[in-house]
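Anchor point for the sequence shown: position 126 equals 666 in the numbering used here, and the numbering is continuous, going up by one each time. Heads up, the thing below is written out as structure tokens.
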Amino acid sequence: MLSSNRHMLRPSKKIISIALATLAGAGIVLFAMSNSRFFSDADAQAIAQSISKSTPDQNPVKHYTREDIVIVPTTTESFAAYQKELSTTLNTFAQKNTGNELLIVTQALDAKDSQKLIPLGPMIESYKKLIDGLLHIKTPEIMADVHLLMITGYAMVISGVEDMQQAFVDPARGIAGITKYQAGANVLIQVNTIFSKM
Numbered sequence: 541m542l543s544s545n546r547h548m549l550r551p552s553k554k555i556i557s558i559a560l561a562t563l564a565g566a567g568i569v570l571f572a573m574s575n576s577r578f579f580s581d582a583d584a585q586a587i588a589q590s591i592s593k594s595t596p597d598q599n600p601v602k603h604y605t606r607e608d609i610v611i612v613p614t615t616t617e618s619f620a621a622y623q624k625e626l627s628t629t630l631n632t633f634a635q636k637n638t639g640n641e642l643l644i645v646t647q648a649l650d651a652k653d654s655q656k657l658i659p660l661g662p663m664i665e666s667y668k669k670l671i672d673g674l675l676h677i678k679t680p681e682i683m684a685d686v687h688l689l690m691i692t693g694y695a696m697v698i699s700g701v702e703d704m705q706q707a708f709v710d711p712a713r714g715i716a717g718i719t720k721y722q723a724g725a726n727v728l729i730q731v732n733t734i735f736s737k738m
């Protein structure tokens, strides 16, 4: 589960090394990547980003616009109602969704067991329900752009998790999904920073 107030999750050298070994079919890549004398976490991230850039995006992020959300005039009352409804929506989501998508993918790749990716399906559906809820929150005009940024962050996370589900069928897409997931997490961290200054 990724909420806007969690620390960013990033692809570790372990998950990248396992995915690269699957992609390359070479045990030496796995050995080299898992041995910290050869590759650092920064190297793993650079490799993941390189693969992402060279992999066509088969699952583009859904884009939302101001027309997709409910915008209301900015008043003290509308702002207070927005804060309350947003807090309730995010807290409800966080309480029901406690899984860690990257951990699930890491464990599945480590075990070479695609069945371990099954829990990602319900997580994706939960994220979609969260976005649906966020789209229906009455958002004061002054908050519309930040609200859309948050929805975009979650849309990036969804697309990334959907791509990670394909790690065994299309390892390059799985790695690209990790990078997309990380980008979504970065957006949510940015949103959290904005909210924390209010």
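For glycine and all other residues, C-beta sits at the position ideal for the given N, C-alpha and C. Every value quoted in this text rests on a predicted model; they were computed, and no experiment measured them.
Between the CA atoms of residue j and residue i - distance to the nearest angstrom
{"i": "M696", "j": "L626", "result": "19 Å"}
{"i": "D685", "j": "R606", "result": "8 Å"}
{"i": "S736", "j": "A707", "result": "35 Å"}
{"i": "S681", "j": "P659", "result": "It should be noted that the sequence gives Glu, not Ser, for residue 681. If I take the Cα positions, the gap works out to 37 Å."}
{"i": "P613", "j": "V709", "result": "48 Å"}
{"i": "V727", "j": "L688", "result": "11 Å"}
{"i": "A651", "j": "N640", "result": "17 Å"}
{"i": "G693", "j": "G724", "result": "4 Å"}
{"i": "H676", "j": "I715", "result": "33 Å"}
{"i": "I734", "j": "M690", "result": "11 Å"}
{"i": "F619", "j": "M738", "result": "11 Å"}
{"i": "E702", "j": "N631", "result": "23 Å"}
{"i": "Q722", "j": "I671", "result": "18 Å"}
{"i": "V663", "j": "Q635", "result": "Note on residue identity: the sequence assigns Met, not Val, to residue 663. If you take the alpha carbons of M663 and Q635, they lie about 13 Å apart."}
{"i": "K720", "j": "K602", "result": "12 Å"}
{"i": "F633", "j": "P600", "result": "24 Å"}
{"i": "M704", "j": "R713", "result": "7 Å"}
{"i": "S574", "j": "G661", "result": "With a pLDDT of only 44 at S574, under 50, the local geometry of the prediction cannot be trusted, and no value is derived from it."}
{"i": "K624", "j": "E617", "result": "11 Å"}
{"i": "Y604", "j": "P711", "result": "28 Å"}
{"i": "F578", "j": "T615", "result": "Unreliable placement is indicated for F578, whose pLDDT of 48 sits below 50; the coordinate value is still reported in the next sentence. C-alpha separation (whole angstroms): 57 Å."}
Cut-off 7 Å between Cβ atoms - residues of its own chain near residue i, not counting five sequence neighbours on either side
{"i": "M683", "result": "Y622"}
{"i": "G673", "result": "T629"}
{"i": "S654", "result": "A648, F708"}
{"i": "D608", "result": "L675"}
Whole-Å CB distance - residue i paired with residue j, under 8 Å assumed
{"i": "L642", "j": "A648", "result": "Not quite, the Cβ-Cβ distance comes to about 11 Å (not below 8 Å), so this is no contact."}
{"i": "I698", "j": "K668", "result": "6 Å"}
{"i": "I729", "j": "G700", "result": "Wrong, their Cβ atoms sit about 15 Å apart, outside the cutoff."}
Residue(s) in a DSSP beta bridge with residue i
{"i": "P680", "result": "V612"}
Cut-off 6 Å between Cβ atoms - residues of its own chain near residue i, not counting five sequence neighbours on either side
{"i": "K678", "result": "V610, V612"}
Q: Go through the stretch 629 to 663 residue by residue and report every complete run of the beta strand (DSSP E) that reaches 3 residues or more, in order.
A: none
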